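Numbering (the working numbering), first residue to last: 26 to 159. Take a look at the structure below.
Have a look at this one:
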């Protein structure tokens with residue numbers, strides 16, 4: 026896997042993937058676009074959401090929506106890396122089995138999500154979930 030990041034102006038950059046997609050990043054606190062650190066959180070939420078949705082669909086669950094809400098804590102001093110993060114999943118569907126939702130969420134963060142497994146090497150990751158009836 027490869028990517029590249031090009032400086033546009035100020036502290037704005039464009040990241041380009043080998044798959045042909047681009048994302049704008051703003052190193053100035055996210056005033057023009059997400060900051061690189063915000064994108065890290067989004068990557069964790071996206072990666073783990075893929076696992077959760079796939080697991081629940083594979084288990085025959087009638088899932089209609091899934092949202093990952095990520096709260097994090099960063100160091101006050103530079104370098105301001107994450108020290109902890111919680112991924113909270115709001116899973117909506119018809120007659121969802123709570124045990125299957127719990128397993129899908131924990132399996133993602135503990136076994137399958139490459140982004141979360143990588144982050145977990147230096148960040149205290151936790152997870153939680155909420156089931157909403159559709």
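Glycine included, every Cβ here is placed at the ideal spot set by N, Cα and C. In this text, all values refer to a predicted model and were calculated from it rather than measured experimentally.
What residue range is occupied by the uninterrupted alpha helix (DSSP H) comprising residue i?
| i | result |
| --- | --- |
| residue 71 | 61 to 83 |
Using beta-carbon positions only, say whether residue i and residue j come within less than 8 Å of one another.
| i | j | result |
| --- | --- | --- |
| residue 90 | residue 117 | yes |
| residue 126 | residue 106 | no |
| residue 37 | residue 62 | no |
| residue 40 | residue 33 | no |
Suppose you measure from the CA of residue i to the CA of residue j; what does that come to, to the nearest Å?
| i | j | result |
| --- | --- | --- |
| residue 138 | residue 104 | 25 Å |
| residue 128 | residue 65 | 24 Å |
I'd like to confirm the pairing. Which residues does DSSP put opposite residue i in its beta bridges?
| i | result |
| --- | --- |
| residue 97 | 110 |
| residue 50 | 38 |
Span of the beta strand (DSSP E) holding residue i?
| i | result |
| --- | --- |
| residue 127 | From DSSP, residue 127 is part of no beta strand (DSSP E) but of the alpha helix (DSSP H) over 123 to 132. |
| residue 139 | Segment 139 to 144 is the alpha helix (DSSP H) holding residue 139; no beta strand (DSSP E) there. |
| residue 155 | 149 to 158 |
Could you work out which residue in the options is closest to residue i when comparing CA atoms only?
| i | options | result |
| --- | --- | --- |
| residue 147 | 98, 41, 49 | 98 |
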